[in-house]
Amino acid sequence: MSQGRRVAVVVFPGSNCEHDAVEALERLGATAELVFHRETTLGNADAVVLPGGFAHGDYLRPGAIARFSPVMSAVAEFAAAGRPVLGICNGFQILTEAGLLPGALQKNQGLKFLCTTVELEVASNTSVLCSGISIGTRLSIPINHFEGNYTCDPVTYDQLVLEERIVLRYVDNPNGSLGSIAGICNEGGNVVGLMPHPERACDQLLGSEDGCVLLRSFLEAA
Amino acid sequence: MSPAEDIDPVLPGGRVSPAEDIDLDLHRQLGLTDEELVTIEKILGRPPNRLELAMYSVMWSEHCSYKSSRVHLKRLPTTAPHVLVGPGENAGVIDVGDGIAVALRIESHNHPSAIEPYQGAATGVGGILRDIFTMGARPIALCDSLWFGPTGGTRADASDAADTARSRWIAEGVVSGISGYGNSVGVPTVAGEITFDPCFASNPLVNVMCVGVLPVERLVLGQASGAGNLAVLLGSSTGRDGIGGVSVLASAPLEGGDGSSAKRPSVQVGDPYEEKRLIEACLALLDAGVVVGIQDLGGAGLTCATSETAARGGMGMEVDLSAVPRREAGMEPFEVMTSESQERMLAIVPPEKMPRVEEICARWEVAASVVGRVTPGGRLIVRDTIGGIELASVPAASLADEAPLYERPMSAPSWDAAVRADAAEHLPPPGDCGSDLLALLSDPSVSDKSWAYRQYDHQLFLNTVVPPGGDASVLKLKAPGLPATNKGLAISVDGNPRWCALDPRAGTAMVVAESTLNVACTGAVPKALVNCLNFGNPEHPTVMWQLSEAIDGMSAACRALRLPVVGGNVSFYNESGGVDIHPTPVVGVVGLIDHLLRPPPGMALTDGSVLFLLGPPGTGLGGSRWATSLRGFTGGTLPALNLNMHVSLIDIVVSLVRQRLVCGVHDISDGGMAVSLAEMAIAGGVGVAVSGIEGHAELFSEAPTRVLLAAAPAEAESVERFARDSGVPIRMIGSAGGDRIRVAGLLDVTVATAREAWSTGFPE
Amino acid sequence: MTFDVLVEVRLKQGVADPPGATLERALPALGFGGVSGVRVGKAIRMSVDATDQAEAEALVAAMCDRLLANPVIEETVINVAEAVAAQ
Amino acid sequence: MTFDVLVEVRLKQGVADPPGATLERALPALGFGGVSGVRVGKAIRMSVDATDQAEAEALVAAMCDRLLANPVIEETVINVAEAVAAQ
Ligand SMILES: Nc1ncnc2c1ncn2[C@@H]1O[C@H](COP(=O)(O)OP(=O)(O)O)[C@@H](O)[C@H]1O
Ligand SMILES: [Mg+2]
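Residue numbers (my numbering), protein chains in the order written: chain A, 1 to 222; chain B, 223 to 986; chain C, 987 to 1073; chain D, 1074 to 1160.
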């Protein structure tokens, strides 16, 4: 049950999806609280979300400066303890920069920012984001990024495949991502990063509720 | 204060620095006329010095003072019971009930975008955002109205290859600039328009609109009150960028590069990250109640912000130049006072609140420097340091409000009569309306704009119920800190230089009509309008005539619709090689939906639905895209607009949509009924069969006040009765089904062909 | 002959450089003091076929003018060297 | 002492470079033939205070490792020169 789960939503200067994350999580019955990047603890959170946006401007590289924010040590400890951490879009970029997830996110192949709704396919259900969801399930979820083209070295890629750590793949690769990767997780399955925005698909009035499936799984793991 | 004190004050630090030897025609180099100089001397009781001259020059520029347009703008209707703030402030504000207010404003960034498309457009976005959060509103939506030269690759386009390549560079740069800044600053871009026309080849138009929301009680005005309060400069440091015309004042040319221009860039570079932190910091300052007024620094920089806040509050201000953080060494006082460096705000702060201001700014990593204080007496005094020598001393109100007003000569263009004499209706009818329809659909001005808005984050804040692509975009009226409601906002921006070139008065009225109808198609009642008047050189009498006519047309339409004009912007000198652009008034209309519980029907056709044409019959082809783009014919007269009928139409469309009696709705505008039918078929993925259309004239006419409605067969009778009761003509014209778009006796194309033409109009 | 080219595209002096400024502000907190004047530009590398150095330089200069930089805000520094055969 | 620093941040060999590839594809149509291997990286300039060249280089190397480049896909070329006094 996701009822009553406490989620820390981290706010960097330049984050912009933090309220959206809070809204979606609370819609599912969780209690979400904003945690400013200068904090050194996550309070009594059961789960952590790094939301989308442009932390610290993202001018040099997405996530390059954010990973030094004080809160990131607490996030790393939280992750090391096996607790659920979700990086959405910019949050995913930050997790890779911080070394909590492997690989990197490059500019989209088309060299354009992309805001559109895409089809995703659940590729593994071993992580906190997709537990209980059948592999092959299709979800319709918005993407919104310029640098969402996932890449990593071949050894890492093989490892991701072997260990079933590719969580979500695009049905129609929109950005040139290696292996159509939309989201991956760490070895423990408790840290997940994805470029699509599940919080944008939690309200029928906005077109899709498919994001709830993912966020509910995440909350239940908390 | 006695008037005498107001003229030539003796203050600590001594008198104003004496007028240096000023070249006799320096004022002319600064764009001031001889008469304006005399006026300034009368105001000061002495000749101005160089800094003062610079300050008058920027404040009395057309851009800041509206000196050529103000006499005409006065004719616009600006009041209504729900208007909280009308024109004259940074943004218009309306009360939408439940303790919520909506702020809106539109502005142009045409000239910078012509030479550095990305940064020109980006800084345009930054500027309009500041106008909105200055009012205490959180920006929740941006819209962009874009006008470019033809980019080539279309059938009708025979433009020179270098021109088209340049237009493409501009179009792509502008769109990515809006994307780059808007997405990163974290405000969704939810609506807009993009049109290609040869008149914009050297002078593109980039108009950006912003909508913000606020709890009514947070509304603040950009005014300085309370003598002794501090003037605090927030945000970026000040550089030599955007000094433009006043740079002739430089005492020595800057070393390096190709003279002074090398170090005084006329184009600024936007910093969305700084702006994002400014938004958060300013809204936090207002929530904490620690500022009495706040004002953005836009055109004319610090001179504008200090004089306007002081004048609005009926106060004076002393400015300490040494306290202004600079980006470069060796800046002269006039450079600091007129720099248009981006991402800066001026807050008026009671001294005892300053520690709290510093704390909030530190949290958001926003620089805050006390650069002056509010004084009694209405004078704006600039010193090099506190208590230091006076570099300038002028009545603040004389800068802000007392620029001369001009009634520039106006005359209707001589070709006016000739242009109107001929008639588009006399053009030979097309051999095949189907191929004309496909040509129109593949015209990049008509075709799918998703290549652009896909680059814009249009979903942020979880508000976007109708994304770009419909008649108007629809947002939930929701933001952190606002009372919860089920209300929604509909937004549309529209312009039409084809119509306005032919008849600026009627054309502008038709633009207002179209924009309100777009909003009504979502079930929203139009509540307020903002406008951006893009015109040529005001020294040309025909341009002033166009402006005056456009304003009269806008006034007439807004009065009939009871739609207040709550703000606007005038952009003159849109010309190249002495040729003015077509008059291009752009309007942004915001409408209100009381209960946004389900998405509005939208334009998509549903298989089996019955199709109605609601509104008076229309066959006039003057100014239509069919006549101008496909036949190259720009004469004739515009089809008539009956404003009373339009008001009734808006009412009934809103009612039908709200009662959910219709399952598809789309107005007839660009490209006429043929294009509207095709767009509905493409959106629904289903064909349509229509009959009883009189010929190509009815098919391609852009006569106003017409809507296509689709209804489930079971509702058809109610829809018809409803329309009849309200006196608006209605006619059943066909039904949806199959995979072809057919108009009996006129055209027959497959939906797939139409979609192909429409979706590939702007080849990537 | 083949030439190795490095073009640096940078903002002109006086033009604000938000990426550079943001980076500079972040450095002290990361333990990097004593750094100033940070400017972030582009480094474009390519191989160019030309009959001699002069021709290669002219070609690259034309590319800079027409494509790589907008002279309104940017300037370029061009470096052309004969490619080492082994490469 | 002050040192002028130029850091080139570039993608490692083998890492795809969409901006470079796109630029390369666009060149022939604009009349620029014979160009290959286009790669777009960053050129970061800054002034660094340090007691000597070695210290300056060490500082910049540390900055590259920790911040300026993402070692998963990027590598850096560092250039440190004593600043000319006149500047
Ligand atoms: N530059 C743009 N930015 C965002 N949305 C755009 C842009 N250009 C067009 N659109 C969207 O595409 C749709 C069609 O635009 P347009 O043909 O101008 O509509 P209308 O004729 O109903 O005014 C609208 O929803 C509009 O908001
Ligand atoms: Mg419409």
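Think of the CB as a built atom: it goes at the ideal place given N, C-alpha and C, for glycine as much as any other residue.
If you follow the alpha helix (DSSP H) that B/C526 is in, where does it begin and where does it stop?
According to the DSSP assignment, B/C526 belongs to the alpha helix (DSSP H) that extends over G523 to R534.
DSSP beta-bridge partners for D/F1076?
BP columns for D/F1076 point to D/V1121 and D/E1155.
Interface residues of the stretch 141-164 of chain A facing chain B [CB-CB below 8 Å]:
Residues passing the 8 Å Cβ filter: P142, N144 and F146.
Name the residues in the stretch 1008-1028 of chain C whose C-beta lies less than 9 Å from a C-beta of chain A; which are they?
Answer set for the stretch 1008-1028 of chain C: T1008, L1009, A1012, A1015, L1016 and V1026.
Own chain residues within Cβ distance below 7 Å of B/I904, not counting five before or after
Leaving aside the five residues that flank B/I904 on each side, the residues in its chain whose CB is nearer than 7 Å to its CB run, in chain order, V973, A976, R977 and W980.
Please report how far the alpha carbon of B/S529 lies from the alpha carbon of B/A522, in whole angstroms.
Going by the C-alpha atoms only, they are around 10 Å apart.
Look at the alpha carbon of B/R390 and the alpha carbon of B/S620, and state the distance between them as a whole number of angstroms.
Distance between the alpha carbons of B/R390 and B/S620 is about 44 Å.
In terms of alpha-carbon separation, which member of B/L968, B/V280, B/G824 and B/L254 lies closest to B/A622?
That would be B/V280, whose Cα lies nearest to the Cα of B/A622.
Which runs of the beta strand (DSSP E) at least 3 residues long sit entirely within the stretch 574-635 of chain B? Give them in chain order.
Here the runs fully enclosed are 590-597, 601-605 and 612-617.
Determine, using beta carbons only, whether A/A64 comes closer than 9 Å to chain D.
Closer than 9 Å to some Cβ of chain D, the Cβ of A/A64 qualifies, so yes.
Between the beta-carbon of A/F267 and the beta-carbon of A/A79, is there less than 9 Å?
In this structure chain A extends from 1 to 222, so residue 267 of chain A is not present and cannot be described.
Using the DSSP secondary-structure output, state which residues sit across from B/F370 in a beta bridge.
B/F370 pairs with B/F418.
Given 8 Å as the limit, is there contact between the stretch 1008-1019 of chain C and the stretch 1038-1049 of chain C, that is, 3 or more CB pairs closer than that?
In the pairwise beta carbon analysis, the stretch 1008-1019 of chain C is classified as not touching the stretch 1038-1049 of chain C: fewer than three pairs are separated by under 8 Å.
For A/Y150, which residues does DSSP report across the bridge?
DSSP lists A/L105 as partners of A/Y150.
Option in A/E39, A/C115 and A/E26 with minimal Cα separation from B/L682
The residue with the shortest Cα to Cα distance from B/L682 is A/C115.
For A/A24, would you say it is in contact with chain B, using Cβ-to-Cβ distances shorter than 9 Å as the test?
Contacts with chain B at 9 Å (Cβ-Cβ) include A/A24.
What I want to know is whether the C-beta of B/D802 ends up closer than 8 Å to one or more non-hydrogen atoms of ligand 3.
Ligands in the displayed structure: ligand 1 and ligand 2; ligand 3 is not one of them.
Exposed or buried, B/A639, counting other C-beta atoms within 10 Å across all chains shown (16 or more means buried)?
Under this definition B/A639 is an exposed residue.
What separation, rounded to the nearest whole angstrom, lies between the Cα atoms of B/G321 and A/P154?
Rounded to the nearest whole angstrom, the CA to CA distance from B/G321 to A/P154 is 57 Å.
Would DSSP call A/F218 helix, strand or coil?
Assignment of A/F218 by DSSP, reduced to helix, strand and coil, places it in the helix class.
Kindly indicate the opening and closing residues of the beta strand (DSSP E) around A/H145.
For A/H145, the uninterrupted beta strand (DSSP E) segment begins and ends at R138 to H145.
Counting only Cβ-Cβ distances shorter than 7 Å, please list the residues of the stretch 1046-1057 of chain C near chain B, keeping chain order.
For the stretch 1046-1057 of chain C, the set of residues with a beta-carbon nearer than 7 Å to any beta-carbon of chain B comprises N1056, in chain order.
How should C/V1024 be labelled, buried or exposed, when 16 other C-beta atoms within 10 angstroms of its C-beta is the threshold for buried?
Under this definition C/V1024 is a buried residue.
Mind the definition here: the stretch 840-860 of chain B touches the stretch 875-884 of chain B only if three or more C-beta pairs lie below 8 Å; say whether that holds.
As far as the Cβ criterion goes, the stretch 840-860 of chain B does not touch the stretch 875-884 of chain B, which means the pair count is below three.
For the alpha helix (DSSP H) that contains B/I697, what are its first and last residues?
For clarity, residue 697 of chain B is Leu in the given sequence; the question names Ile instead. Unbroken run through B/L697 is the beta strand (DSSP E), S695 to K698; no alpha helix (DSSP H).
Helix, strand or coil, according to DSSP, for B/F834 in the structure here?
Strand, per DSSP.
Can you tell me whether B/K749 is helix, strand or coil according to DSSP?
Reduced to three states, the DSSP call for B/K749 is strand.
Output needed in chain order: residues of the stretch 31-56 of chain A with a Cβ under 9 Å from some Cβ in chain B.
Answer in chain order: F36, R38, G52, G53, F54 and H56.
Touching by the beta-carbon criterion (3+ pairs, under 8 Å), the stretch 1074-1086 of chain D and the stretch 82-95 of chain A
The stretch 1074-1086 of chain D is not in contact with the stretch 82-95 of chain A.
With a 10 Å radius around its C-beta and 16 neighbouring C-beta atoms as the bar for buried, classify B/T927 as buried or exposed.
Around the beta-carbon of B/T927, 16 or more other beta-carbon atoms lie within 10 Å, marking it buried.
Does DSSP put B/D247 in a helix, a strand or coil?
Look at B/D247 here: in three-state DSSP terms it is coil, with no helix or strand label.
Can you list, in chain order, the residues of its chain with a C-beta nearer than 8 Å to that of B/A226? Leave out the 5 residues immediately preceding and following it.
Reliability fails at B/A226, whose pLDDT of 31 lies under 50, so the model's placement of it is uncertain and the value that follows must be treated cautiously. Within the same chain, B/A226 has no close Cβ partners at all.
Extent of the continuous beta strand (DSSP E) run through B/V514
Unbroken run through B/V514: none, as it is neither H nor E.
Report the partner residues of B/M567 according to the DSSP bridge assignment.
Bridge partners of B/M567: B/L456 and B/D518.
Mind checking whether A/Q106 and D/A1089 have CB atoms under 9 Å apart?
Result yes, Cβ atoms of A/Q106 and D/A1089 sit closer than 9 Å.
Residue nearest to A/S180 in terms of C-alpha spacing, selected from A/V171, A/N186, A/G188 and A/E187:
Restricting attention to A/V171, A/N186, A/G188 and A/E187, the CA atom closest to the CA of A/S180 is found in A/V171.
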